[in-house]
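Taking it in order: structure first as structure tokens, then the write-up.
In the numbering used here, the protein residues as written are 336 to 678.
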């Protein structure tokens, strides 16, 4: 069914207000709740190869999973102290607002509306993406401009529909939006031929194609119709928790820039680089500033690696995704990934 945006925002705002009142009533910050519970509750995508899926041993792995594990390691000293809650796109924000999860790490685009009206805060961008369109190769379509009249599979609670409108309407192209309640139905419907095309972030449609019995039957069109900065989401009004989430991510990026890896992190304890010493807690009192041990960043890097290690593990050339880093390169290498200085 189609999504009634006004009604959804109204419900979301109500949930945010209830959550805020509950938090104020118990007087506990997110950090205090996580420490008391002894586990980080992390909202994730249902199935998204590269970002979140179960391996052949039944262990949850992926880029978004590693972000959760890094934060658990920083806060609780153990990357395994995290519980994952798979969420459909149409309920993921309510899960954050209600306190069901402490953090949403689920390929979520940071937009003005979401930031300003839903009682949510966003951490730093962890993945720069853009919306693409994939079609069945037998349609003979080579460009999005040839999709007039096409049935296009969509998910609710995403920016995909608005992006299609913004792209198609100025070009006087008509299409039929076919909306599915969850990612499993959405993906299966397209692969079963119920839609002519599917649209989502390019990284997502690459993962959908990788799950097909014959990936060569599907063509990703050349157009990128939107910019999609993906970032973790938390409830608003908790500045210290936002700082923790943000600076754990910045630590992973800084570690890559400084050449600090998970395997060699112990060898940097006597580094001559003052920023590395501050990053790893060997000097300064940075942990105290955000109510964590001074080894918080070291624990996160040791658990999951630096940003480049995480990206290569899930999207690198030896994976089924084989994504070029593109804008997800460090800013020192012509990309968009950066971190404020540790000083």
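Here a beta-carbon is modelled for each residue, glycine too, at the ideal position from N, C-alpha and C. Note that the coordinates shown come from a computational prediction; the quantities given were computed from them, not determined experimentally.
- Note: residue 564 is bridge-paired with 463 in the DSSP secondary-structure output.
- Leaving aside the five residues that flank residue 465 on each side, the residues in its chain whose CB is nearer than 8 Å to its CB run, in chain order, 536, 537, 559, 560, 561, 562, 563.
- Residue pairing by DSSP places residue 512 opposite 487 in a beta bridge.
- Nearest C-alpha to residue 496 among 426, 618, 513: 513.
- Runs of the alpha helix (DSSP H) lying entirely within the stretch 394 to 459 and spanning at least 4 residues, in chain order: 398 to 411, 427 to 432, 447 to 452.
- Looking at the DSSP output, residue 389 sits in a beta bridge with 395.
- Partner residues in the beta bridge of residue 470, as assigned by DSSP, are 532, 554.
- The stretch 398 to 417 and the stretch 638 to 655 touch, with three or more beta-carbon pairs separated by less than 8 Å.
- Collapsing the DSSP output to three states places residue 383 in a strand.
- According to DSSP, residue pairing for residue 378 in a beta bridge involves 420, 439.
- By the neighbour-count criterion, in which a residue is buried when 16 or more other Cβ atoms sit within 10 angstroms of its Cβ, residue 384 is buried.
- Residue 391 and residue 658 have their alpha carbons spaced roughly 22 Å apart.
- Residue ranges of uninterrupted beta strand (DSSP E) with 3 or more members, entirely inside the stretch 565 to 637 and ordered along the chain, are 568 to 570.
- Nearest Cα to residue 376 within the set 410, 449, 388: 410.
- If you ignore the 5 residues before and after residue 671, its C-beta comes within less than 6 Å of the C-beta of 463, 662, all in its own chain and listed in chain order.
- Ranked by Cα distance from residue 382, the first of 405, 396, 610 is 396.
- For residue 368, the enclosing alpha helix (DSSP H) begins and ends at 365 to 372.
- The beta carbons of residue 365 and residue 666 sit no closer together than 8 Å.
- Residue 422 and residue 379 have their C-alpha atoms roughly 6 Å apart.
- In the displayed model, residue 665 falls within a strand according to three-state DSSP.
- Three or more Cβ pairs closer than 8 Å define a contact, and the stretch 482 to 497 falls short of that threshold against the stretch 454 to 463.
- With a cutoff of 8 Å on beta-carbon distance, residue 635 and residue 405 are scored as near each other.
- A straight line joining the alpha-carbon of residue 448 with that of residue 489 spans about 20 Å.
- By the beta-carbon neighbour count (other beta carbons within 10 angstroms, threshold 16), residue 550 is exposed.
- By the neighbour-count criterion, in which a residue is buried when 16 or more other Cβ atoms sit within 10 angstroms of its Cβ, residue 500 is exposed.
- CA-CA distance, residue 420 to residue 436, rounds to 8 Å.
- It is roughly 25 Å from the alpha-carbon of residue 546 to the alpha-carbon of residue 643.
- Across the set 601, 503, 553, 369, the C-alpha of 553 shows the shortest separation from the C-alpha of residue 474.
- Going by DSSP, residue 671 is part of no alpha helix (DSSP H) at all; its letter is neither H nor E.
- Residue environment: residue 674 is assigned as buried (16 or more neighbouring CB atoms within 10 Å of its CB, all protein chains considered).
- A residue is called buried when at least 16 other Cβ atoms come within 10 angstroms of its Cβ; residue 556 meets this threshold and is buried.
- Residue 426 has its alpha-carbon roughly 24 Å from the corresponding atom of residue 530.
- Annotation: residue 540 to residue 569 spans about 26 Å, alpha carbon to alpha carbon.
- If you compare the alpha carbons of 486, 461, 609, 452 with that of residue 468, the shortest gap goes to 486.
- By the criterion of a C-beta distance shorter than 7 Å, residue 638 is surrounded in its chain by 404, 405, 408, 414, once the five residues flanking it on both sides are discounted.
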